[in-house]
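A.B. asks:
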Amino acid sequence: MKGFETWIGCISPKEMSTSRKNGSPGSRSTDARYFLKQSLSTPCLNALQGCEGIYIEDLQGRRYMDFHGNNVHQVGFSNPEVIAAIKAQLDALSFCTRRYTNRVAVDLAAKLADIAPGNLNKSLLCPGGTEAIGMAMKLARIATGRHKTISMWDSFHGASLDAISIGGEALFRRDMGPMLPGTEHVPPPDEYRCLFGCHDRGGCDLTCARYIEYILEKEGDIAAVIAEPIRSTPYIPKAEFWQTVRKACDRHGALLIFDEIPHALGRTGKMFTCENFAVVPDMLVIGKGLGGGIFPLAALIAREDLDVAADRALGHYTHEKNPVACAAALATISYIEKNRLVEHSAELGRIALGGMKTMMDRHPLIGDVRGLGLFLGIELVKDRSTRQRASEEAEEVMYRALSKGLNHG
Ligand SMILES: Cc1ncc(COP(=O)(O)O)c(C=O)c1O
Numbered sequence: 001m002k003g004f005e006t007w008i009g010c011i012s013p014k015e016m017s018t019s020r021k022n023g024s025p026g027s028r029s030t031d032a033r034y035f036l037k038q039s040l041s042t043p044c045l046n047a048l049q050g051c052e053g054i055y056i057e058d059l060q061g062r063r064y065m066d067f068h069g070n071n072v073h074q075v076g077f078s079n080p081e082v083i084a085a086i087k088a089q090l091d092a093l094s095f096c097t098r099r100y101t102n103r104v105a106v107d108l109a110a111k112l113a114d115i116a117p118g119n120l121n122k123s124l125l126c127p128g129g130t131e132a133i134g135m136a137m138k139l140a141r142i143a144t145g146r147h148k149t150i151s152m153w154d155s156f157h158g159a160s161l162d163a164i165s166i167g168g169e170a171l172f173r174r175d176m177g178p179m180l181p182g183t184e185h186v187p188p189p190d191e192y193r194c195l196f197g198c199h200d201r202g203g204c205d206l207t208c209a210r211y212i213e214y215i216l217e218k219e220g221d222i223a224a225v226i227a228e229p230i231r232s233t234p235y236i237p238k239a240e241f242w243q244t245v246r247k248a249c250d251r252h253g254a255l256l257i258f259d260e261i262p263h264a265l266g267r268t269g270k271m272f273t274c275e276n277f278a279v280v281p282d283m284l285v286i287g288k289g290l291g292g293g294i295f296p297l298a299a300l301i302a303r304e305d306l307d308v309a310a311d312r313a314l315g316h317y318t319h320e321k322n323p324v325a326c327a328a329a330l331a332t333i334s335y336i337e338k339n340r341l342v343e344h345s346a347e348l349g350r351i352a353l354g355g356m357k358t359m360m361d362r363h364p365l366i367g368d369v370r371g372l373g374l375f376l377g378i379e380l381v382k383d384r385s386t387r388q389r390a391s392e393e394a395e396e397v398m399y400r401a402l403s404k405g406l407n408h409g
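To convert, note that position 94 of the sequence shown is 94 in our numbering; the numbers rise steadily by one, no gaps.
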């Protein structure tokens, strides 16, 4: 990995050789000995021994602000209220066998129905976001009697075969053999680098949304449009984009499924990302920080009248109603509400975006800045007129930030 040496340079050569020789448990070298290598996970940057609030701490006791955090940090790492709820739940009921239910799981499903917009009132829980996306795809097939989907190039919905079939990142799809049939892809609503050239016409004129309707009409049997309402790397469409797609889905009998796994629960200055666009999807998928950044937990939240698969297995996951995970999620949502974190995110985001705009005035390397609450992005370009990506410079910024104690993606 390019730049890796720059980063491990933060660890002294003595520390490196000791760790290599001893291969102490939990060190990077022992990790490489026992874990299969895979892109984006290995080689490991460093080994951690602690995480708290906004910080991660390595084996040498160095602390880094973690702006990456795999998007699980709505309530901060090791949130004491979430940990207390988990400990109490471990003593009360630590597992729930399938076909049984339990109070915390029901309380969580009721809470999700309460906070989710519109008539998104029924949930299915599972351990991870990828599985929740798979359940949404299956429910869309059953509910519509159709199997085709429209999703976006460059999107990510998880790493399983069904998720990469609708995903649009080459890294995940390449060399993986045949994908699911009927998974059509469209260009994302990326105004800065619009494939339809809208930046030459003074900004987004919704050609990309009309193209989605064009496919819905031509195919005539699309089950669902599945998309991240905003994309971490990196676009934030205007509200009219989703409003146009919503209407098009309704006209052509397709469901709209939003993958809000990385940014629901307050990150964007709203509890759910779709609320920024005044659009309610037919299904909403959340995950990541739902378990407080401690327990793996994701949820498919669907329109009440989509409860149409009683005789099919949509998920059937062993930890479907895990009470400890549900207790973590209830404590997480309660912490977000009690501490008004959604409003806080909107306010901090406004301040940060203002600061980023000022930075842009000073640095020609910055081509654009974007933000929605604390979902923030800085586009680095070699030349503002050509908008050519400044990838090497972006990498250098990342490693310089690391050397100053800031970890980001
Ligand atoms: C938009 C999006 N969808 C789906 C997933 C997959 O979630 P998980 O890793 O919990 O399976 C991710 C994870 O990064 C994501 O960012």
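For each residue, glycine too, the CB sits at the ideal point set by N, CA and C.
Predicted model, so just to flag it, every value in this text is computed and none were measured.
#1: Here's the rule: buried if 16 or more other CB atoms are within 10 angstroms of the residue's CB, otherwise exposed. What is S94?
#2: Determine the extent of the alpha helix (DSSP H) in which V245 is found, giving its start and end residues.
#3: Using CA atoms only, rank isn't needed, just tell me which of R384, P187 and S334 is closest to L112.
#4: If you draw a straight line from the alpha carbon of A346 to that of F67, how long is it in whole angstroms?
#5: Could you tell me whether any non-hydrogen atom of ligand 1 is closer than 6 Å to the CB of T130?
#6: May I ask which residues mark the beginning and end of the beta strand (DSSP E) holding A302?
#7: With H, G and I counted as helix, E and B as strand and the rest as coil, what does DSSP make of Q89?
#8: Using CA coordinates, which residue listed in I56, I294, G202 and K247 is at the minimum distance from P80?
#9: Under the rule that 16 or more other beta-carbon atoms within 10 Å means buried, what is I164, buried or exposed?
#10: Check whether the segment 361–375 touches the segment 140–150, counting contact only when three or more Cβ pairs, one atom from each stretch, lie closer than 8 Å.
#11: In chain order, which beta strand (DSSP E) runs of at least 3 residues are fully inside the segment 49–84?
#12: Examine ligand 1 and report whether any of its heavy atoms sits within less than 6 Å of the Cβ of I236.
#13: Which runs of the beta strand (DSSP E) fall wholly inside the segment 358–390 and span at least 3 residues, in chain order?
#14: Compare the beta carbon distance of M179 and G168 with 7 Å and say whether it is the shorter of the two.
#15: Do the segment 100–108 and the segment 273–288 make contact, defined as three or more Cβ pairs closer than 8 Å?
#16: For N322, is the classification buried or exposed, using 16 other Cβ atoms within 10 angstroms of its Cβ as the cut-off for buried?
#17: Compute the distance between the beta-carbons of R251 and D282, then report whether it is under 7 Å.
#18: What is the rounded straight-line gap between the Cα of A309 and the Cα of I133?
#19: For S403, name the three-state secondary structure that DSSP assigns.
#20: Expressed to the nearest angstrom, what Euclidean distance is found between the alpha-carbon atoms of C51 and G355?
#21: CA-CA distance, T358 and N407?
#22: In the DSSP output, what is Y235 paired with across the bridge?
#23: Classify S391: buried if its beta carbon has 16 or more other beta carbons within 10 angstroms, exposed otherwise.
#24: State the CB to CB distance for the pair A313 and A224, rounded to an integer number of angstroms; the pair is presumed to be in contact (CB under 8 Å).
#25: Identify which residue in I142, L380, D107 and G373 has its Cα closest to the Cα of R362.
#26: I'd like to know whether the C-beta atoms of L125 and E320 end up nearer to each other than 7 Å.
#27: Could you give the first and the last residue of the continuous beta strand (DSSP E) run that contains M283?
#28: Taking only the alpha-carbon atoms, compute the straight-line gap between V397 and G128 and give it to the nearest angstrom.
#29: So, is T267 buried or exposed, given that buried needs 16 or more other C-beta atoms within 10 angstroms?
#30: Going by other Cβ atoms of all chains shown within 10 Å of its Cβ, with 16 needed for buried, is S123 buried or exposed?
#31: Do the CB positions of G291 and L297 come within less than 7 Å of each other?
#32: Apply the 10 Å Cβ neighbour rule to S385 and answer buried if 16 or more other Cβ atoms are within range, or exposed otherwise.
#33: Check for me: the alpha helix (DSSP H) holding C326 runs from which residue to which?
#34: Just checking H319 against ligand 1 - is the residue's beta carbon closer than 6 Å to any of the ligand's heavy atoms?
#35: Go ahead and label N339 buried or exposed: buried means 16 or more other beta carbons lie within 10 angstroms of its beta carbon, across all protein chains shown.
#36: So, C204 versus K238, is the Cβ gap smaller than 7 Å?
C.D. replies: This is what the structure holds:
#1: exposed
#2: A239 to R251
#3: S334
#4: For A346 and F67, the gap between their C-alpha atoms comes out near 17 Å.
#5: In this structure, the C-beta of T130 approaches ligand 1 to less than 6 Å from one of its heavy atoms.
#6: Annotation: the continuous beta strand (DSSP E) that includes A302 extends over A298 to R303.
#7: helix
#8: I294
#9: buried
#10: no
#11: Taking only runs of at least 3 residues, the beta strand (DSSP E) segments lying wholly in the segment 49–84 are 55–58 and 63–66.
#12: Outside the cutoff, so no.
#13: 366–372 and 375–383
#14: no
#15: no
#16: buried
#17: no
#18: 16 Å
#19: helix
#20: 27 Å
#21: 22 Å
#22: R231.
#23: Exposed.
#24: Distance from A313 to A224 at the Cβ level is roughly 19 Å; contact not present, criterion being Cβ atoms closer than 8 Å.
#25: If we check each option's Cα against that of R362, L380 comes out closest.
#26: yes
#27: M283 to I286
#28: 31 Å
#29: First, the amino acid is wrong: residue 267 is Arg here, not Thr. Buried is the call here.
#30: buried
#31: yes
#32: exposed
#33: P323 to K338
#34: no
#35: exposed
#36: yes
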